Structures are given as C-alpha cells and as structure tokens.
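Residue 375 in my numbering sits at position 202 of the sequence shown, and the numbers go up by one each step. Worksheet for the structure shown next.
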Amino acid sequence: MSQSSLTLLQQTSELRQAIRRKEHTGPTSGLATGVMQGNVVILPADYANEFLLFCQNNPVSCPLIGVSEIGDYSMPMLGKDIDMRHDIPEYYVYRNGDKVESRTDIEALWQDDMVAFILGCSFSFEHALSQAGLTPRNIEEGVNVSMFETNIATTPAGRFHGNTVVTMRPYVPKDAIRAIQITSRFPKAHGAPLHFGTPEAIGIKDLSKPEFGDAVSLREGEVPVFWACGVTPQLAIRNAKPPICITHAPGKMLVTDILDTDLAVF
174 MSQSSLTLLQ QTSELRQAIR RKEHTGPTSG LATGVMQGNV VILPADYANE
224 FLLFCQNNPV SCPLIGVSEI GDYSMPMLGK DIDMRHDIPE YYVYRNGDKV
274 ESRTDIEALW QDDMVAFILG CSFSFEHALS QAGLTPRNIE EGVNVSMFET
324 NIATTPAGRF HGNTVVTMRP YVPKDAIRAI QITSRFPKAH GAPLHFGTPE
374 AIGIKDLSKP EFGDAVSLRE GEVPVFWACG VTPQLAIRNA KPPICITHAP
424 GKMLVTDILD TDLAVF
C-alpha cells in the first residue's frame, strides 16, 4: 500500500474516533475523501434474512458491502477499529416502523440478536466527480445532499417494501453525461443515475423541498440528475415495522477503510 493510502487510512481512523467522541455529528459528504462511506441498517436477527433478500432484490438502491455476525458490533471487513454502536455521527431509532428518536450513540440500545448491514453510498463516488472537475453542488455549498422519495417502487421481500429514494446533483447537460460515465464505474456506490431531468416523471414535485437532507441551488441551464440512495431502506422499514431498527441519519454515514478506487469496476 502506498504512503498516501496509509496516510488516508490514518485520517479515516481519526475521523471515526472524532465521531466516537461526538466531536463531529454532522454530514460526512466531503470528509475523508478517497474512501468508501456506507449507509447503515441494524435489525433484530428475526428480520435479517428478509432484509438481506430485500437488498438482493434491489441491488442498485441497496448495494451490500458488509454484514455483521449476529450480536457483533465490529465490522472487520470494512475497518479494523469500527464500532457500530458509536461510529455514526447520528443514528435514527425506529420502533414498530415509526422513528422515535435520534442519538449520537446506541450502546444502551444494542442487543445480542442485532445484525448490522452496510450499504454502499453515493458519497463514495463524489471524490471521483470532484477530481473530474464536477464537484457536487452540496459540497460546493457546504450542505447535506438533497434526497427525495420517488414513485419508483422497490421489489418487495417479505415484510419489506416501499418506494425508492434518490439523491439529486445538478449539472449542465455535457457535465451530466460525464457524471453518468464516471459513476457507472461504482456499482457498489449506486452506479449510474436512475433518471435525469423531468423530476415530475418520478414523482418529485418540488426540488426546493427534499424529504431528506438540504436543498441546493439549480442554476440556469442545469438539469437535475438522480441517483439511487441508501435511504431507500428507511421507507421499507416503516412498512416492515420491526420492533426496533436503527439506521444512520440521512447524510451521516459510516466512514470505512476501503479505498474508493477499490470499488471501481473499470
């Protein structure tokens, strides 16, 4: 491994430690650039197989990059010191499908039957976009990415079903084409966009009012480009109604030790 990669992984570990100490509780977009970030879903084992099938049925929205052993809060395949109880800037807690609270750690809620799932995140290809001169607008404006519920149905699995959530990044058409080419290299980070232009065609009425995250500016001549998003499972969780489920807060991800270049397929 190169010295630059070792330095990056040291910075990544330091960021997780800062999150663990609650020194950073905000979005992770634009932080630890060059490594993979992940969406988080933590469920009782009784729901784990159904959720695993849901991910397999919806690989673009829910690209699995890690699954824990039952009751194990480490994630050694993604980072040597990861502690799923502490290493997310903000957690959402759901009970019977309803979000009841947010927390900065879940040690008091951890159960011996819990299974953690990590899904790829589009933040993992933002570094590649930035390197190509296509810095996402949310990074430019220092805000969370815009996320919208669509009318695109997921493929159900058992008790899990719901519509697809997308992120939106605006580009002029020639840059949108380049962004499609770049992100196609990263299927484990949602890959190519699901849609661009005409937000109403996928059920989005107002780009200034995202269901999750923050609104970003849309400038003259730009079109909205929509990628599948790992917040999609949070809609399915509302329908499945597990007695408890814990997720990341949208935009506040698990930062891993996996280099984003290791995700690229070409």
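Backbone N, C-alpha and C fix where the C-beta goes; we use that ideal spot for every residue, glycine too. Just so it is clear, the structure is predicted and the values come from calculations on it, not from any experiment.
How big is the Cα-Cα spacing for residue i and residue j?
i	j	result
P423	Q354	26 Å
H300	H421	21 Å
E373	Q190	42 Å
R258	I215	10 Å
I375	I325	7 Å
V208	D260	15 Å
N230	R358	21 Å
T185	D430	7 Å
S381	A388	5 Å
A349	G364	14 Å
R411	T277	21 Å
F296	G370	21 Å
G203	K425	11 Å
T336	A409	Checking the displayed sequence, the identity of residue 336 turns out to be Asn instead of Thr. So the two alpha carbons sit approximately 8 Å from each other.
A281	K347	50 Å
A314	D433	Reading the sequence as shown, one finds Glu at residue 314 and not Ala. Each residue's alpha carbon lies about 23 Å from the other.
T201	D379	25 Å
G270	V213	16 Å
Would you call residue i buried or exposed, if buried means 16 or more other Cβ atoms sit within 10 Å of its Cβ?
i	result
T327	buried
T323	buried
R392	exposed
Q407	buried
F439	exposed
For residue i, which residues in the same chain have their Cβ closer than 8 Å to its Cβ, ignoring the five residues on either side in sequence?
i	result
S303	T206, P309, I312
Residues in the same chain with beta-carbon distance under 6 Å from residue i, minus the five sequence neighbours each way, listed in chain order, please.
i	result
S404	Residue 404 is actually Val in this sequence, not Ser. The answer, listed in chain order, is M320, V338, F385, P423.
Y117	Coverage of the chain is limited to positions 174 through 439, which leaves residue 117 absent and any answer about it impossible.
R268	I417
L226	A330
K272	Y265
M341	S319, P397, F399
Give every residue of the same chain whose Cβ lies closer than 7 Å to the Cβ of residue i, excluding the five residues on either side of it in the sequence, and list them in chain order.
i	result
G394	V345
E223	A330, G331, R332, F333
E274	V266
A305	R351, I355
On the premise that residue j lies in contact with residue i, defined as a C-beta separation below 8 Å, what is that separation, rounded to the nearest angstrom?
i	j	result
I238	L292	7 Å
C294	Q210	5 Å
I192	P262	5 Å
Y246	D254	Incorrect: roughly 12 Å between the Cβ atoms, too far for contact.
V288	S241	6 Å
K361	L436	5 Å
With hydrogens ignored, establish whether the beta-carbon of residue i is closer than 8 Å to any heavy atom of the ligand COA.
i	result
P236	In terms of ligand content, the structure shown is empty, and the ligand COA therefore cannot be addressed.
Do we get a CB-CB distance below 9 Å when we pair residue i with the residues of chain D?
i	result
E242	Looking at the structure shown, chain D is missing, and only one protein chain is on hand.
Taking the runs of the beta strand (DSSP E) that are 3 residues or longer, which of them lie wholly in the stretch 230–311? 237–240, 264–268, 271–276, 287–293
Identify every run of the alpha helix (DSSP H) within the stretch 322–371, keeping only runs that are complete inside it and at least 4 residues long; order them along the chain. 346–356
Taking the runs of the beta strand (DSSP E) that are 3 residues or longer, which of them lie wholly in the stretch 205–230? 208–217
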